[in-house]
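Visitor: Here's a structure for you.
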Amino acid sequence: MQREFTQQHHHFTRFAGLRTFILITFFGTMLGFLGGGFNSFLVFIGLGGIVLLASLSYVLTFLRFKITTIITEVTSIISFILGVMCTTGYEKFAIIFGILITAFLAFKEKLHGIVKKLDRKELFGMIKFAIISLVILPLLPNKNFSPMEIPGLGEILGNFGLKGEFLSQLNIFNFYNIWLMVILVAGLSFFGYFLVKILDSKKSQGLTGFIGG
2 MQREFTQQHH
12 HFTRFAGLRT
22 FILITFFGTM
32 LGFLGGGFNS
42 FLVFIGLGGI
52 VLLASLSYVL
62 TFLRFKITTI
72 ITEVTSIISF
82 ILGVMCTTGY
92 EKFAIIFGIL
102 ITAFLAFKEK
112 LHGIVKKLDR
122 KELFGMIKFA
132 IISLVILPLL
142 PNKNFSPMEI
152 PGLGEILGNF
162 GLKGEFLSQL
172 NIFNFYNIWL
182 MVILVAGLSF
192 FGYFLVKILD
202 SKKSQGLTGF
212 IGG
C-alpha cells in the first residue's frame, strides 16, 4: 500500500503496486503452505522467480526513467519471504517486520532529512550506542552472581566484616540486567537528543518525559 501511495503521488509506475505486492505475499504463503516451509524446493523456485522479475524491473526502470533506487524491487522480495514466514510458525515476526518495513518506507524522506542534519560527533555517538547495545550486551552472561564469584569483590567486602557464607548466598549481580539498565538510560538520553533536533525543545521535552515516565 505504501509503494502504491508513492507511485500515485509521484505519477510514475514501477514494478509493483498494491495488488502486485498482495499477490506476491499470497504467492509466498501458498508455496510455503504447499512445500512445508523454507526448505521446500517450490519456495526456492518461487523466490528465484521473484528475484528474476525484480532484477528485470530494475534494469527496465533504469533504462526508461534513469532511476537507480532498488527499494521497490527489494521490498517485493521481502514480501514473498514474509508470506512464506506466515506458514512456518513465524506469523508474529512477519507482522512485526511488515510494519517496520512499511514505517521505514513511509518515513524515507524524513529519515533522509535527519541524516543530513547529523554531524560527525553525532554519528560517532550512534556508533557507540550500537556497540554497547548490539555488541557488548549479547556477550554478557544473563545469570545471577554472588559477590564471592566476582574476582576481588569478595575480599573487599570481607575486609568490612562480612562473612563469606553470607555473601555466597547473595545472588544479586546480573551483568546482563545491569548493562541493560545502562542501555535504557543512555537510549532515553539519546532519543531525547534527537527529538530536540526534529521537534522544538518544548515538544521534545514533553514527549521524552512521557516516555521516560
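The opening position of the sequence shown corresponds to residue 2 in the working numbering, with each subsequent residue numbered one higher.
Cβ atoms here follow ideal geometry from the backbone N, Cα and C, with glycine treated the same way.
For clarity, every value in this text was computed on a predicted model and none was experimentally measured.
Can you tell me which residues form a DSSP beta bridge with PHE174?
Guide: Translated into positions along the sequence shown, residue 174 becomes position 173. The partner list for PHE174 (beta bridge, DSSP) reads PHE146.
Visitor: Is the CB-CB distance between TRP85 and VAL52 below 7 Å?
Guide: As a first step, residue 85 is located in the sequence shown; it is residue number 84 there, counting from the start. As a first step, residue 52 is located in the sequence shown; it is residue number 51 there, counting from the start. A quick correction: the sequence has Val, not Trp, at residue 85. Not a contact, by the Cβ cut-off of 7 Å.
Visitor: Can you tell me which of PHE108, PHE94 and PHE191 puts its alpha carbon nearest to the alpha carbon of LYS129?
Guide: Working through the sequence shown from its first residue, we reach residue 129 at position 128. Closest option to LYS129, Cα to Cα, is PHE191.
Visitor: Under three-state DSSP, which class holds LYS93?
Guide: Stepping through the sequence shown from its first residue, residue 93 is reached at position 92. Three-state result, LYS93: helix.
Visitor: Quick one: is ILE25 buried, meaning 16 or more other Cβ sit within 10 Å of its Cβ, or exposed?
Guide: Along the sequence shown, read from residue 1 onward, the residue named residue 25 stands at position 24. By the 10 Å Cβ count, ILE25 comes out buried.
Visitor: Out of curiosity, what's the CA-to-CA distance linking ALA104 and ILE97?
Guide: Locating residue 104 in the sequence shown gives position 103, where the first residue counts as 1. Locating residue 97 in the sequence shown gives position 96, where the first residue counts as 1. When rounded, the distance between both Cα atoms is 11 Å.
Visitor: Under the three-state reduction of DSSP, which class applies to PHE39: helix, strand or coil?
Guide: Position 38 of the sequence shown holds residue 39. PHE39 falls in the coil class under three-state DSSP.
Visitor: Would THR88 be called buried (16 or more neighbouring beta carbons within 10 Å of its own) or exposed?
Guide: Here residue 88 refers to the residue found at position 87 when the sequence shown is read from its first residue. Result: buried.
Visitor: Can you check whether the CB of LEU141 is closer than 7 Å to the CB of TYR177?
Guide: Taking the first residue of the sequence shown as position 1, residue 177 is located at position 176. Taking the first residue of the sequence shown as position 1, residue 141 is located at position 140. Yes, the Cβ-Cβ distance between TYR177 and LEU141 is below 7 Å.
Visitor: If PHE81 and LEU48 are in contact, beta carbons under 8 Å, what's the gap, nearest whole angstrom?
Guide: What you label residue 81 is simply residue 80 of the sequence shown in a count that begins at 1. What you label residue 48 is simply residue 47 of the sequence shown in a count that begins at 1. Yes, they are in contact, since the Cβ atoms of PHE81 and LEU48 sit about 6 Å apart, within 8 Å.
Visitor: Relative to the C-alpha of ILE184, which residue among ILE173, ASN145 and LEU135 is closest?
Guide: As a working mapping, residue 184 is identified with position 183 in the sequence shown. Nearest option by C-alpha distance: LEU135.
Visitor: Measure the C-alpha to C-alpha separation of LEU101 and PHE94 and round it to an integer number of angstroms.
Guide: Within the sequence shown, numbered from 1, the residue matching residue 101 stands at position 100. Within the sequence shown, numbered from 1, the residue matching residue 94 stands at position 93. The alpha-carbon atoms of LEU101 and PHE94 are separated by roughly 10 Å.
Visitor: For ASN175, which option in ASN143, TYR194 and VAL75 has the closest C-alpha, if you only look at C-alpha atoms?
Guide: Indexing the sequence shown from 1 puts residue 175 at position 174. Measuring from the Cα of ASN175, the nearest candidate turns out to be ASN143.
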